[in-house]
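Here is the structure we will look at.
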Amino acid sequence: LFVERLIKEAVHELGHLHGLTHCSNRRCVMAFSNWIGDTDYKSYRPCYKCGRRLKFLRIHKP
Numbered sequence: 584l585f586v587e588r589l590i591k592e593a594v595h596e597l598g599h600l601h602g603l604t605h606c607s608n609r610r611c612v613m614a615f616s617n618w619i620g621d622t623d624y625k626s627y628r629p630c631y632k633c634g635r636r637l638k639f640l641r642i643h644k645p
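Residue numbering for the sequence shown follows the working numbering, starting at 584 and increasing by one per position.
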């Protein structure tokens with residue numbers, strides 16, 4: 584369980600490094616985690632909207 588939480592939060596922070604912000608979709612890996620239950624609930628993956636945003640940011644790098 585610790586490793587699962589660690590992976591989710593690491594992916595979340597990598598998303599920030601790539602320009603993503605917090606997401607309102609609670610299942611999205613980019614959702615803000617207010618407590619450990621939020622981390623357990625969210626997925627390892629970005630939602631559709633954040634995935635599209637990530638692709639856009641990667642294509643349009645400064």
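The beta carbon of each residue, even a glycine, is placed where N, CA and C say it ideally should be.
Check: Going by C-alpha distance, which of Asn617, Tyr627 and Leu637 is nearest His599?; Outcome: Leu637
Check: Could you tell me how far apart the beta carbons of Ala614 and Asp623 are, in whole angstroms, since I believe they sit closer than 8 Å?; Outcome: So it is not a contact: roughly 12 Å between Cβ atoms.
Check: Per DSSP, what kind of secondary structure is Cys606 in: helix, strand or coil?; Outcome: strand
Check: Could you check whether the Cβ of Leu597 sits closer than 7 Å to any heavy atom belonging to the ligand ZN?; Outcome: As presented, the structure is devoid of all ligands, the ligand ZN included, so that no description of it is given.
Check: Cutting at 6 Å between CB atoms, please list the residues of its own chain near Cys611, excluding the five before and the five after it.; Outcome: Pro629, Cys630 and Cys633
Check: Express the C-alpha separation of Glu592 and Arg609 in angstroms, rounding to a whole number.; Outcome: 14 Å
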